[in-house]
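This report concerns only the one structure given below.
Protein chains in written order, with my numbering: chain D, 391 to 1135; chain R, 197 to 349.
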């Protein structure tokens, strides 16, 4: 302790040695004067004082005593025997008393100083020992004390900042929340506490408490970085738990719920308020009573349970699948006090898994049920898996069919084509469809229809190829049979057609000859008969002239027959040129053409509604010509002839007259060539008119028939195609009454 | 020198030939009629001996009246030959036949026939037809002069 010049000596022997030395020094100092006994004794006093100050009461008293003895010894004027010299004794006594008093005072001073020093030391030790930093500032903001902790916190050497202004030491603190707090504490004389992050050299959180003091300001500084990061971590954990999609629950070993996060609220439907303090069995299904004890047993043993899949009951009663991870919670003494349970809702994935399982099962069943061979390959078209159905069919081993080995089971002729097609399908990712012959285990080649499709991943890449091979041998053979039969049939058709063509050609040649050659003789008969009559008539008897006339008539009749026959045969060879026809127009034309036949007669002609139809207009006109000329012909004996042309329904047309009619018994002969129901002399005609009508109607795919009775007129019906595209034409009912060839509309 | 033929009648049917000639003569149309009875004969008559006078048909009649159905070379072939040869193509050719077959008519007109008449069976009609025919083609109709010039080819 160098703070005082007269700091008491620490050790007792030093103090007493110093006392003796001082006493000697006092005598030495007095030696020049000891002969003169008048020198006051007071000159010893400073040394006594010095001894007392250095050593306290004891050494002071020792020095005083030694000085008294020295006086007696060195002062001849004095001795114990000559102690009757009162003034001297009085002075000596006063000196001694003074020495004692000095010693006592010095002792008191020494004690006070020792006490003060102790107290000071204690304070310092306290300030140095506390974990907080401590800085004392005077009113000029100068640092008067700073403990080691504070120095360390601030990155300064201990003692270095003493006497310096804080604002010089830490200029950046001036504007910080610390600076503001310190100034406020100083100026307002209040305690201010502040916590803030102090960047720069420290990079730490500090809590600073500023206490105003008479000397200035005391600052206590606590490094709260650790606490802060703990808080931060804790907040983070809380946030993680709260934001987790999983249900995170903690419970004690009795199964009582302690915490319940938002995830748990969402998954189980109960709020935290509803569940904290309740028993966990609330969400465990009744049929799983063993589950909780089992879990708790595991927990007590400290075991962690990972991904335990089970069922739970939501608040709304719905069953959900959850995957649970249960971990023990330990207290500070490592005792297990509870468990954390992390639950994940697996309902969707479980259901998806089930659906997938069912689909898989369905696929397997189908594979078993089908008679087809089901196959699959990797995306590159290589057989990877064993194909039992293929093996069974072909007798190949699973090794043999792997990769492209399956191609070896094909008919050698089909191999290259199939391999090409397959690799093309694989590279173009297109459907694969082909047929090939496959060698069965018994060596027989069977025709197979093969289909393959790529199974795509979501991103469009191929996951695998799946397909089937179906044995279509029976079908192929049947098709072959059909093809052969068709060929045979076609051949026969060609033969028959050729025959028919030949026959047709012959017929045509025949008709051609008839048309040329059969007429010439008739012309000769008629011609020469006529020449005979003209040139030699007067020389012939009447009878001969009549015979010649008969010959001529017959020749002409024969000519008519030939013309009819040719017209009839001509019909079959003429192509049908169908178009939309308005029969009403045809009827009008025909009636115009037949005006001559009506000359001098009363004929009432009624034209009803005639729907349009599809047909050959020339041929249909011929039909109406024949039917109408018949109607006119066979009604000519009637004074008032009635002829009606109309449609019976949407497909059938009819021509009705009130003529002589015919006996229905002979109706079947009506449409035969050269068939006549009347004698030649009665009505003219070759007997081909109705045959032609029938032929035309038949060629149109229709039907013709008649209804009649003798003397009661006849009705001829005909239809065209079975389902003609006929629509009723606008009602153009036409009523024509003809009298003496004059038309009145 | 032999007088040129007015009318060449090609018909194999003697009755028809007789009737035709009868009518023509009766109407004084053709006094110089040459009758041949088949297509080959007609060809010979018209084109003659080609080696002797290759460029000169023996006779250029004013009118050829022919049937279609003829032995050896039929009427259509004959017509084709006559109408194809520049030396004879200007001679009017009238087909007089029993047939009214559409295809015959069509073919004849394609080959350039000048008229096509069907022989009626009724002699009265036949007479009328031949009379009209003679009147028209031998008397009324005007045709370019046919000169016996060497052909270009």
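Quick reminder that beta carbons are idealized off the backbone N, C-alpha and C, glycines included.
query                                                                                                                                                             : result
Using a Cβ-Cβ cut-off of 8 Å, state whether residue 949 (chain D) counts as contacting chain R.                                                                   : yes
Given a threshold of 16 other Cβ atoms within 10 Å of its Cβ, counted over all protein chains shown, does residue 1014 (chain D) qualify as buried or as exposed? : buried
For my contact list, residue 211 (chain R) and residue 914 (chain D) are in at a C-beta cut-off of 8 Å; report their separation, rounded to the angstrom.         : 4 Å
When you compare only the Cα positions, how much space is there between residue 627 (chain D) and residue 583 (chain D)?                                          : 29 Å
Output the boundary residues of the beta strand (DSSP E) element that contains residue 440 (chain D).                                                             : Element bounds for residue 440 (chain D): not the beta strand (DSSP E) but the alpha helix (DSSP H), 435-445.
Residues of chain D with CB closer than 8 Å to the CB of residue 320 (chain R), please, in chain order.                                                           : 920
Under a CB-based cut-off of 8 Å, is residue 243 (chain R) close to chain D?                                                                                       : no
With DSSP collapsed to three states, give me the class of residue 321 (chain R).                                                                                  : helix
Should residue 247 (chain R) be flagged as near chain D, meaning a C-beta pair shorter than 8 Å?                                                                  : In this prediction, residue 247 (chain R) has a pLDDT of 47, which is less than 50 and means its spatial position is unreliable; what the coordinates show is noted afterwards. Chain D, which has no Cβ nearer than 8 Å to the Cβ of residue 247 (chain R), makes this no.
With a threshold of 8 Å between beta carbons, is residue 1006 (chain D) in contact with chain R?                                                                  : no
Do you know offhand how far residue 856 (chain D)'s Cα is from residue 850 (chain D)'s?                                                                           : 16 Å
I'd like to know whether the C-beta of residue 905 (chain D) is nearer than 8 Å to at least one C-beta of chain R.                                                : yes
Taking C-beta pairs closer than 8 Å, name the residues in chain A that residue 926 (chain D) reaches, listed in chain order.                                      : In the structure shown, chain A does not exist; the protein chains are D and R.
Let me know if residue 483 (chain D) comes out buried or exposed under the rule of 16 or more other beta-carbons within 10 Å of its beta-carbon.                  : exposed
Just curious, the alpha helix (DSSP H) that residue 983 (chain D) is in, first and last residue?                                                                  : 973-983
So, helix, strand or coil for residue 337 (chain R), using DSSP?                                                                                                  : coil
Thinking just about the alpha-carbon of each residue, which of D:940, D:1035 and D:1082 is nearest to the one in residue 961 (chain D)?                           : D:1082
Find the residues of chain D that neighbour residue 301 (chain R), judging by a C-beta separation of less than 8 Å, and give them in chain order.                 : Within chain D, no residue comes near residue 301 (chain R); the closest Cβ sits about 12 Å away, beyond 8 Å.
When DSSP labels each residue in this structure, what does residue 1086 (chain D) get in the three-state scheme?                                                  : helix
Identify whether residue 1114 (chain D) lies in helix, strand or coil by the three-state DSSP scheme.                                                             : Low confidence applies here, because residue 1114 (chain D) scores a pLDDT of 43, under 50, leaving its location unreliable; read the following figure in that light. Three-state result, residue 1114 (chain D): coil.
Around the C-beta of residue 354 (chain D), are 16 or more other C-beta atoms found within 10 angstroms, so that it is buried, or is it exposed?                  : Because residue 354 (chain D) is not part of the residues shown, which for chain D are 391 to 1135, the question remains open.
Using a Cβ cut-off of 7 Å, pull out every chain R residue sitting near residue 910 (chain D), in sequence order please.                                           : 209, 211, 212 and 294
Please list the residues of the segment 931-957 of chain D that have a C-beta atom closer than 7 Å to any C-beta atom in chain R, keeping them in chain order.    : 945, 946 and 949
What are the boundary residues of the beta strand (DSSP E) that includes residue 838 (chain D)?                                                                   : 835-846
Taking DSSP as the reference, what is the three-state secondary structure of residue 557 (chain D)?                                                               : helix
With DSSP as the reference, label residue 247 (chain R) as helix, strand or coil.                                                                                 : Because the pLDDT of residue 247 (chain R) is 47, which lies under 50, any placement of that residue in the model is unreliable, and the number read from its coordinates should be weighed accordingly. Of the three classes helix, strand and coil, the one that applies to residue 247 (chain R) here is coil, per DSSP.
Would you kindly check if the distance between the Cβ of residue 824 (chain D) and the Cβ of residue 362 (chain D) is under 8 Å?                                  : Residue 362 (chain D) is absent from the structure shown; chain D starts at 391 and stops at 1135.
Among D:939, D:905 and D:688, which residue has its Cα nearest to the Cα of residue 918 (chain D)?                                                                : D:939
State buried or exposed for residue 845 (chain D), treating a residue as buried only when at least 16 other CB atoms are found within 10 Å of its CB.             : exposed
Around the Cβ of residue 630 (chain D), are there at least 16 other Cβ atoms within 10 angstroms (buried) or fewer (exposed)?                                     : exposed
Cα-Cα, which of D:529, D:767 and D:576 is closest to residue 554 (chain D)?                                                                                       : D:529
Buried or exposed: which applies to residue 1099 (chain D), given that a residue is buried once 16 or more other Cβ atoms fall within 10 Å of its Cβ?             : exposed
Pairing CB atoms from the segment 877-885 of chain D with CB atoms from the segment 918-938 of chain D, are three or more of them under 8 Å?                      : no
What is the DSSP secondary structure of residue 580 (chain D), reduced to helix, strand or coil?                                                                  : coil
Determine the extent of the beta strand (DSSP E) in which residue 726 (chain D) is found, giving its start and end residues.                                      : 726-735
Can a CB atom of chain R be found closer than 8 Å to the CB of residue 1129 (chain D)?                                                                            : Unreliable positioning characterises residue 1129 (chain D) in this predicted model, as indicated by a pLDDT of 38, which lies under 50. The coordinate reading is nonetheless provided below. No, no contact with chain R.
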